[in-house]
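Written below as structure tokens is the structure these notes are about.
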Amino acid sequence: MADKKRILVLGGGFGGLTAAQKLNKLLAKRDDVEIYLINRSPYQVYLTELHLVAGNRVKPEGVLYSLEKALEGTGVTLVVDEIHDADLKTRTLRGRKADYTFDYLIIACGSEPEYFGIPGMKENAFTLWSFEDALRIKQRVVEMFEKARYEADEKRRREYLTFVVGGGGFTGIEMVGELVEWVEDLCREYGIDRNEVSLMVVEALPKILPNLSEELIKKATSYLERNGVKIILNSPIVSVEPDGLTLKTGEKIKTHTLIWTGGVRGNAIAEKLGLETGGRGRIKVNEYLETSEKGIYAIGDVSFYVDEKNFVMPALVESAMQSGECAAHNIAADITGKPKKALKLNLHGNMVSIGERYCVAEVMGRKLTGFIATFIKHAADMHYLFGVGGLGFVREYIGHQFFRKNRGKSFVVENIGVSTSMVWLAILRVYLGYRWLVSGIEKVHAGWLAAGDKLVAGASTSPIGPNTPEWYAWFVEKFIFPHALFFQTVITLSELAIGTCLLLGLFTSLASLGSLFMLLNFMISGSGDMWFFMVSLAVCFSGAGHSFGLDRWVIPWISRFIKRIVRGGGQKAALPGSFHDVVG
């Protein structure tokens, strides 16, 4: 155990999780390496989607993704603990539960709010930088509407209903975009006139969304103003009180809810490590993402990386994942004696959702707005989630974003989302399987496997009927008639296989797809059954094999097996000493 290299990845966001998975893939065949991912909770929090929780679009669990599931089938050990101190001399991280020594360390603990020393900001403003922050904002907005409903004094009621977002960057604009839509629902629920609600964005710079093109900034500004948002530019906040804030111009805004998104800095752990820092406490790294201390790397939001063109790595999911892969590669290279590689960022653009109904995006030089931009943003989110959690994370995202969300459900989605007992679909599955199996057995007894006389011209079972399309008749004459015995065998064995799988609930979706394909061909030839086609369709997409079927156990096992192969497999390392008590 003393000869093993211990690699710690601190932080389970997109960057840290990507780094841990990449390390496992590169070092899976070595038994002299241990990889640990340390995170303060067992979940990855999709931080850039926190505004969806704060604005009550999705349920709180809609931004939480299981790290245990993401690491399933890998040799990475998940440690749930909060690191509060560190000692570089002994190369030790100190957590609430235990101390963790390391040979290599990847710091991926993200960032935290920057208050710029503004009096009262930290004490009186709400921030949007953690899961807990999002829940507090959501609760606060509801609390203000509840107070306003029973407040007789109009001036005080308007103070309760004034919501100010400090900062016009991505996070701030996405937050106010959610409020634009949510307050419509809240006004109806609490019987409040929408005109009494004030939504504001206060920005110190002369424009919002400074990282986007002027064209998109104008469109975003226009959309917000059309929806009742007041945008105040060139106006730094100089002080914050419990019941309001003061701008540099001297103007005072009365509000009980200021949401501060005006700046971020490196996580406080960076200072405790004593590493050299740059812009707002972020850890300085070289082109390999290595810090001033050999063997210690920093990635994502907590790192301060400037390339040869003086471009500072932005705080984006894409850059976090790319920097995570780079750091993992370089640690593996150091262990295996291979050359390191410099970080070459390949960023594709920026996307800002302004509520569910509008979005602006700049992707690969193209400026997009509205539905197309919204579609691209959802696609990007699913791409990132697939990268760290596979189809399981994508399925969760789709469920939370479209089917189980709190507001804005369309009529179609609401009806699609109505659930029923899987037992009824299992009964249909078994009956469909029985019919296919009986049909296959009848064909065996009728000699379909013995002589090629069942699919030829003139036979009662010929695939050419009175209503067969010309193109299909041509296909049958050219390909099926000359090889009748082969196609008879394929049809018979397929019916037997489909029937058996459906009866057992084994590979149900594939069997149902086979059923659909067979029935479609029969229907084209004039002998199919629409009722059985619709039953096959229902069984195919319902997961009916998980009720009284083998899919309940087989599919998860196959999923774990594939993950093990794709990610390099490996056994989780044993944890000596104080480690062992943490992860059991």
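Under the UniProt record's numbering, the sequence shown is numbered contiguously, ending at residue 584.
By construction, the Cβ of each residue, glycine as well, lies at the ideal position given by its N, Cα and C atoms.
Using the three-state DSSP reduction, which class does residue 585 fall into: helix, strand or coil? This structure does not reach residue 585, given that the chain is present from 1 up to 584, and the question cannot be answered.
Applying the criterion that 16 or more other CB atoms from any shown protein chain within 10 Å of the CB defines a buried residue, is S460 buried or exposed? Here the question's residue 460 lines up with position 460 in the sequence shown. It counts as exposed.
Under 9 Å between the Cβ atoms of L64 and L37? Looking up residue 64 in the sequence shown gives position 64. Looking up residue 37 in the sequence shown gives position 37. No, the pair does not count as a contact, with Cβ atoms beyond the cut-off.
By Cβ distance, which residues of its chain are closer than 6 Å to G545, with the 5 residues on each side in sequence left out? Taking the sequence shown and counting its residues from 1, the one referred to as residue 545 is at position 545. Excluding residues up to 5 positions away in sequence, G505, T508 and D551 lie with their Cβ nearer than 6 Å to the Cβ of G545 in the same chain.
Assign L26 to one of three DSSP states: helix, strand, or coil. Position 26 of the sequence shown holds residue 26. Correct three-state label for L26: helix.
Quick check: P42 and V9, are their CB atoms within less than 9 Å of each other? Residue 42 sits at position 42 when you count from the first residue of the sequence shown. Residue 9 sits at position 9 when you count from the first residue of the sequence shown. Contact flag unset, no.
Assuming the contact rule is C-beta atoms closer than 8 Å, N330 and K341 should be a hit. Round their C-beta distance to whole Å, please. Here residue 330 refers to the residue found at position 330 when the sequence shown is read from its first residue. Here residue 341 refers to the residue found at position 341 when the sequence shown is read from its first residue. Contact between N330 and K341 holds, since their C-beta atoms are separated by about 7 Å, short of 8 Å.
When the Cα of T221 is compared with those of S239, V202 and N56, which residue comes out closest? Within the sequence shown, numbered from 1, the residue matching residue 221 stands at position 221. Measuring from the Cα of T221, the nearest candidate turns out to be V202.
Would you call Y139 buried or exposed, if buried means 16 or more other Cβ atoms sit within 10 Å of its Cβ? Against the sequence shown, residue 139 aligns to sequence position 139. It should be pointed out that residue 139 corresponds to Gln in this sequence rather than to Tyr. With fewer than 16 Cβ atoms within 10 Å of its Cβ, Q139 is classed as exposed.
Inter-stretch contact (C-beta, 8 Å, three-pair minimum) for the segment 98-109 and the segment 288-303: yes
Relative to the C-alpha of A268, which residue among E114, Y46 and F14 is closest? Locating residue 268 in the sequence shown gives position 268, where the first residue counts as 1. Considering only alpha carbons, the answer is E114.
8 Å Cβ shell around D193 - same chain, five flanking residues per side excluded: Residue numbering aside, residue 193 sits at position 193 when the sequence shown is read from its first letter. These residues qualify, in order along the chain: C187.
Which one of P556, L519, G281 and V240 has the shortest CA to CA distance from residue 590? This structure gives no information on residue 590, because the portion of the chain shown stretches from 1 to 584.
Residues that T257 bridges to, as DSSP identifies them: As a first step, residue 257 is located in the sequence shown; it is residue number 257 there, counting from the start. DSSP output for T257 lists F163 as bridge partner(s).
So, with DSSP's three-state summary, where would you put A361? Residue 361 sits at position 361 when you count from the first residue of the sequence shown. If DSSP states are grouped into helix, strand and coil, A361 belongs with the strands.
Rounded separation between S439 and C501 - CA only: The residue given as residue 439 occupies position 439 in the sequence shown. The residue given as residue 501 occupies position 501 in the sequence shown. Cα to Cα, S439 sits roughly 14 Å from C501.
Please list, in chain order, all residues of the same chain as F131 whose beta carbon is under 6 Å from its beta carbon, the five residues on each side excluded. The residue labelled residue 131 in the question sits at position 131 within the sequence shown. Once the five neighbours on either side are set aside, the close Cβ partners of F131 are V45.
What three-state label does DSSP hand Y46 in the structure shown? Indexing the sequence shown from 1 puts residue 46 at position 46. Three-state result, Y46: coil.
Can you say whether A134 is buried or exposed, counting buried as having 16 or more other CB atoms within 10 angstroms of its CB? Within the sequence shown, the letter at position 134 stands for residue 134. Buried is the call here.
What is the C-beta distance between F126 and I231, in whole angstroms, given that I count them as a contact (C-beta under 8 Å)? If you number the sequence shown from 1, residue 126 lands on position 126. If you number the sequence shown from 1, residue 231 lands on position 231. The pair is not a contact, with the Cβ atoms about 19 Å apart (cut-off 8 Å).
Under the three-state DSSP convention, the category V412 falls into: For the purposes of this step, residue 412 is taken as the residue at position 412 of the sequence shown. Unreliable positioning characterises V412 in this predicted model, as indicated by a pLDDT of 49, which lies under 50. The coordinate reading is nonetheless provided below. Of the three classes helix, strand and coil, the one that applies to V412 here is helix, per DSSP.
Quick check: R429 and V264, are their CB atoms within less than 9 Å of each other? Here residue 429 refers to the residue found at position 429 when the sequence shown is read from its first residue. Here residue 264 refers to the residue found at position 264 when the sequence shown is read from its first residue. In this structure, V264 does not lie closer than 9 Å to R429 by Cβ.
Roughly how many angstroms lie between the CA atoms of G549 and G392, to the nearest whole one? The residue given as residue 549 occupies position 549 in the sequence shown. The residue given as residue 392 occupies position 392 in the sequence shown. Approximately 21 Å between the Cα atoms of the pair.
Simplified DSSP state of E290, which is helix, strand or coil: As a position in the sequence shown, residue 290 is number 290, starting the count at 1. It is a strand residue.
Best match in I237, A204, L78 and I208 for proximity to K122 [C-alpha to C-alpha]: On the sequence shown, position 122 is the one that residue 122 refers to. Cα-wise, what sits closest to K122 is I237.
Taking only the alpha-carbon atoms, compute the straight-line gap between R261 and G172 and give it to the nearest angstrom. Here residue 261 is taken as the residue at index 261 of the sequence shown, counted from 1. Here residue 172 is taken as the residue at index 172 of the sequence shown, counted from 1. The residue you asked about is not Arg; residue 261 is Thr in the sequence shown. Rounded to whole angstroms, T261 to G172 spans 5 Å at the Cα level.
Quick one: grab the DSSP three-state call for A446. Along the sequence shown, read from residue 1 onward, the residue named residue 446 stands at position 446. In this structure, A446 counts as coil in the three-state DSSP scheme.
First and last residue of the alpha helix (DSSP H) that includes L67? By 1-based counting over the sequence shown, the position of residue 67 is 67. Segment L67 to A70, the alpha helix (DSSP H) holding L67.
So, helix, strand or coil for I208, using DSSP? The residue given as residue 208 occupies position 208 in the sequence shown. Of the three classes helix, strand and coil, the one that applies to I208 here is coil, per DSSP.
In the DSSP output, which residue or residues are listed as bridge partners for I232? Translated into positions along the sequence shown, residue 232 becomes position 232. In DSSP, I232 forms a bridge with V202.
Round the Cβ separation of E34 and I7 to the nearest angstrom and send it over; I've been treating them as touching at under 8 Å. The residue you call residue 34 lines up with position 34 of the sequence shown. The residue you call residue 7 lines up with position 7 of the sequence shown. Correct: roughly 7 Å between the Cβ atoms.
I need the boundaries of the beta strand (DSSP E) containing D99, first residue and last residue. Here residue 99 refers to the residue found at position 99 when the sequence shown is read from its first residue. D99 -> beta strand (DSSP E) spans D99 to T101.
If I measure Cβ to Cβ from K22 and keep anything under 6 Å in the same chain, skipping five residues before and after, which residues do I get? Residue mapping note: residue 22 aligns to position 22 of the sequence shown, counting from 1. Result list for K22: E325 and A328, in chain order.
Of all the options R156, Y104 and L52, which has the alpha carbon lying nearest to the alpha carbon of R136? The residue you call residue 136 lines up with position 136 of the sequence shown. When each option's Cα is compared against that of R136, the closest is L52.
Among G274, L496, V423 and G349, which residue has its Cα nearest to the Cα of L88? Numbered from its first residue, the sequence shown carries residue 88 at position 88. For the residues G274, L496, V423 and G349, the minimum Cα distance to L88 belongs to G274.
What is the residue span of the beta strand (DSSP E) that I283 lies within? Taking the sequence shown and counting its residues from 1, the one referred to as residue 283 is at position 283. Here the beta strand (DSSP E) through I283 covers R282 to K284.
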